[in-house]
Amino acid sequence: MHDLQHIARSLVVSGKGILAADESDASADEKRLKNHGIATGPLMRRQFRDLLLATPGVEEYLTGVILYKETLTQKASDGTPFPELLLKRGIMPGIKVDEGLEPLADSPEESITKGLLGLHERLQEYRTTYGTTFTKWRAAITIDGDRLPSAGAIVENAKRLALYACEVQKAGMVPILEPEVLLQGTHSRLRARAVIEQMMRVLFDTLNEQCADLNGIIIKTSMALSGSESGRMDTPKEVALDTVGALMETVPAEVAGIVFLSGGQTPEQATQNLAAITKLAREKNAPWPLTFSYARALQEDALTVWAGKEENLLAAREAFLARLASVAASVR
Ligand code: 13P
23 MHDLQHIARS
33 LVVSGKGILA
43 ADESDASADE
53 KRLKNHGIAT
63 GPLMRRQFRD
73 LLLATPGVEE
83 YLTGVILYKE
93 TLTQKASDGT
103 PFPELLLKRG
113 IMPGIKVDEG
123 LEPLADSPEE
133 SITKGLLGLH
143 ERLQEYRTTY
153 GTTFTKWRAA
163 ITIDGDRLPS
173 AGAIVENAKR
183 LALYACEVQK
193 AGMVPILEPE
203 VLLQGTHSRL
213 RARAVIEQMM
223 RVLFDTLNEQ
233 CADLNGIIIK
243 TSMALSGSES
253 GRMDTPKEVA
263 LDTVGALMET
273 VPAEVAGIVF
283 LSGGQTPEQA
293 TQNLAAITKL
303 AREKNAPWPL
313 TFSYARALQE
323 DALTVWAGKE
333 ENLLAAREAF
343 LARLASVAAS
353 VR
């Protein structure tokens, strides 16, 4: 367990964070490439990942990258397998191990995360063949007024997150537990805060009943934000107060670190909100280190500049590095 704590702590350090580049093949095609007018398919996904992972200098800002299984087997343009490329630069390769969402049986507007079946075997393969040291499991929690999330969605997702965490620790890797409270909806920031608190309380009760060692887990969370259809734009100070407040109320001090997802914020919002959160957490002596684990907020500028064209690659890498540098500066 000491090793796990060491790995977890080295993923969440001041001024550095984790890139999430773990979109499933379908999400990478539909939500990243197509959205930017770029052709889809395995070759374009390889180029998309190469654009990000082979950018010179990313090691200055990244401790780890979460990959999707296809990327484990693909190679950078110089022929180096992606996991090896990261390891050579002192960046830990991680792997998303859940298998996506399906409707929750009793409440089909909500979701449950799949992937416990065969998890043990997949973990062995990822660790021994590709050298991954950490993993991620994402649950998605929907807010609809006071009606959703249902108690069942919270409890069942917490149960699976806890089972996942135990299995991953047994396999000698660090689990990142991501109960994402979705931005979509008309809810207030205070409602988002209350749902984050509710989810964390149930999650830690469940983790305590299972075998997970909190010193060797990382929590990946949403910020407390007004819903995307609320018509309200929160200030960074408001976001920081409710996000740090929610986490200090509910996340035990032993947890190795907390990382944030960007969740549909613009790159600039995600940068400024994180800076305010970091500042407030420091003032309040929050017990755990905090950093970023963004996908969209880190990738957006680069994808826009790249547009799938070889001649834009250098400029796209510059845009990626510039965004990475400003997000990393917000956790310094
Ligand atoms: P976003 O930063 O785009 O929300 O993605 C983070 C992530 O890992 C979602 O699972």
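Note that the numbering used here has the sequence shown beginning at 23, numbered continuously upward. Virtual Cβ for every residue (Gly too), placed ideally from N, Cα, C.
Asked: Which residues DSSP lists as bridging residue 133, in chain order; Found: 125
Asked: Bounding residues of the alpha helix (DSSP H) (the contiguous stretch that carries residue 187); Found: 173–192
Asked: Residue 218, DSSP secondary structure in three states; Found: helix
Asked: Selected residue, minimal CA-CA separation from residue 12, among 225, 233, 290, 250; Found: Given that the chain is displayed from residue 23 to residue 354, the structure contains no residue 12 and the question cannot be resolved.
Asked: Meets three-Cβ-pair contact criterion under 8 Å: the region 316–334 and the region 281–292; Found: yes
Asked: Coil, strand or helix - residue 328 by DSSP; Found: helix
Asked: Neighbourhood of residue 185 by C-beta, 8 Å cutoff - its chain only, sequence neighbours within 5 removed; Found: 138, 232
Asked: Inter-residue Cα distance where the pair is residue 191 and residue 158; Found: 12 Å
Asked: Cβ pair count under 8 Å reaching 3, the region 164–176 against the region 253–264; Found: no
Asked: Meets three-Cβ-pair contact criterion under 8 Å: the region 117–130 and the region 206–214; Found: no
Asked: Span of the beta strand (DSSP E) around residue 267; Found: Where residue 267 is concerned, there is no enclosing beta strand (DSSP E), although the alpha helix (DSSP H) it sits in stretches over 258–272.
Asked: Segment contact flag, the region 85–96 with the region 39–53, C-beta cutoff 8 Å, min 3 pairs; Found: yes
Asked: Member of 220, 35, 45 whose CA lies at the smallest distance from the CA of residue 246; Found: 220
Asked: For residue 336, the first and last residue of its enclosing alpha helix (DSSP H); Found: 335–351
Asked: Assigned exposure category for residue 67 - 16 Cβ within 10 Å defines buried; Found: buried
Asked: Residues of its chain near residue 356, where Cβ-Cβ distance is below 8 Å and the 5 sequence neighbours each way are ignored; Found: Missing from the structure shown is residue 356; the chain here goes from 23 to 354 and no further.
Asked: Residue 160 CB to nearest heavy atom of the ligand 13P below 8 Å; Found: yes
Asked: Assumed close pair residue 338, residue 58 - CB separation to whole angstroms, cut-off 8 Å; Found: That belief does not hold up - the Cβ atoms of residue 338 and residue 58 are roughly 10 Å apart, past 8 Å.
Asked: Where the beta strand (DSSP E) through residue 202 begins and ends; Found: 196–203
Asked: heavy atom of the ligand 13P below 8 Å from residue 345 C-beta; Found: no
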